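Heads up: the sequence shown runs through residues 1 to 308, numbered per full-length UniProt numbering.
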Amino acid sequence: MPLQKLYMPLLIAATIAVIIAVIQVEEWGIWAVIVLAASLLGTRKDAKAISWVQFMPAGLLTLFVFYVIYKYANPMWHRVVAMQTENIRHIFKWNEAFNAIPLNDAWIFRMWQPEWLTKYMQAVYNAGFTLSYWICVIRAFFTKDVKKLGLYALAGYLLQVPLILPFYNTILLQEVWYVQGTPDMLERVLTPQEQYMTVLNCFPSMHTSIAFAALLLVMREKSRWYKWVVGAFCVSIIISTMYLKIHWIIDVIAGMLFAWGCVKLADLIVNARFFETFTRKFEGLGSKLLAAFDTRRDRKNRDIGAEE
């Protein structure tokens, strides 16, 4: 079979494989996959006016690179936390001060706690850290827009991780339940040492910052369906951090401000001339590959003609 006939089927198969690999990293359940699939409805309203043939090589390569970063980021994060517990002596210790501020423990979000709502909040919190990011990245892929892929990735994760570490390395603020000595509403089975390592980094709330960055960018899209589905999911993530006694209200506000700053910085990067130039050339990769296939085919036809 000629190589050009295999071109799109191979790219489609590779794309499906990458998306399945993303889902398997965190072992998302069926409900998370349904939310991801629902977010893809109405994608045409926000799609860039280029062909899939032209976009697929650059888009797939970008998606794969983001997947590799995502796959190995979690082990790296655990090493950072281990380093914090062993070596870092925090300059600021805010547990007592935050606990003394009226309403700061977000008790108002726990006035009504039916079992089904608690289970929903647990599921949203556990998946939301990565799912809100990947919903936006995968949908950006289906809009055939490398620039949008870069914007979502930078604002939602790639800028946030390095920029948030100075806060976590200087400020000791632990989760609400841990500070107040109440049961963990996430029902995590943790040893005392694991508890301490898990509840370290609260200011600002990174669950909030990732979800809020997604929310800010989602509101720019044209599809109302996408805005409602992903917007509601992102808001649920932010509420879950307070409902489950993970974050303090001030953490959440700080996380929103941090996300806003990351979005603005990402805007500056993707709108810079160098990024525009790179994106334009990178999206031309598909056309160059097709041209190479056509040249090869023409050369083969000329050779056959010469033999005859």
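Cβ coordinates follow ideal geometry from the N, Cα and C atoms, glycine included.
In this text the structure is predicted, and so the values were computed from the model without any measurement.
- Between Val-199 and Gln-174, the C-beta gap is smaller than 7 Å, which places the two residues in contact.
- Spanning the alpha carbons of Ser-51 and Trp-28 requires a straight line of approximately 31 Å.
- DSSP, reduced to helix, strand and coil, places Ile-138 within a helical segment of the structure shown.
- Distance between Ser-236 and Gln-122, taken at the CA atoms: about 10 Å.
- Rounded to the nearest angstrom, the gap between the Cα atoms of Ala-211 and Tyr-7 is 36 Å.
- In this structure, the alpha-carbon of Leu-190 lies about 18 Å from that of His-247.
- Here DSSP, grouped into helix, strand and coil, assigns Asn-201 to strand.
- Shown here, Ile-246 sits in coil according to DSSP, grouped into three states, outside any helix or strand.
- By the neighbour-count definition (other C-beta atoms within 10 Å, threshold 16), Trp-134 is a buried residue.
- In terms of Cβ geometry, Val-146 and Thr-62 form a close pair [threshold 7 Å].
- At the C-beta level, Phe-55 and Lys-144 come within 7 Å of one another.
- Around the CB of Glu-283, 16 or more other CB atoms lie within 10 Å, so the residue is classed as buried.
- Of Ala-153, Val-25, Gln-24, the smallest CA-CA separation from Val-263 is found for Ala-153.
- Leaving aside the five residues that flank Ala-259 on each side, the residues in its chain whose CB is nearer than 6 Å to its CB run, in chain order, Ser-209, Phe-212, Ala-213.
- Separation of the CB atoms of Pro-204 and Ile-164 is rounded to 7 Å, and the pair is thereby assigned contact status at 8 Å.
- CA-to-CA, the gap between Asn-169 and His-90 works out to about 6 Å.
- For Pro-162, the enclosing alpha helix (DSSP H) starts and ends at 160-170.
- Per the Cβ contact rule, the region 227-235 is not in contact with the region 249-256 (fewer than 3 Cβ pairs under 8 Å).
- Taking the C-beta atoms as reference points, Ala-155 is found nearer than 7 Å to Ala-266.
- Under DSSP, the beta-bridge partners assigned to Phe-92 are Ile-171.
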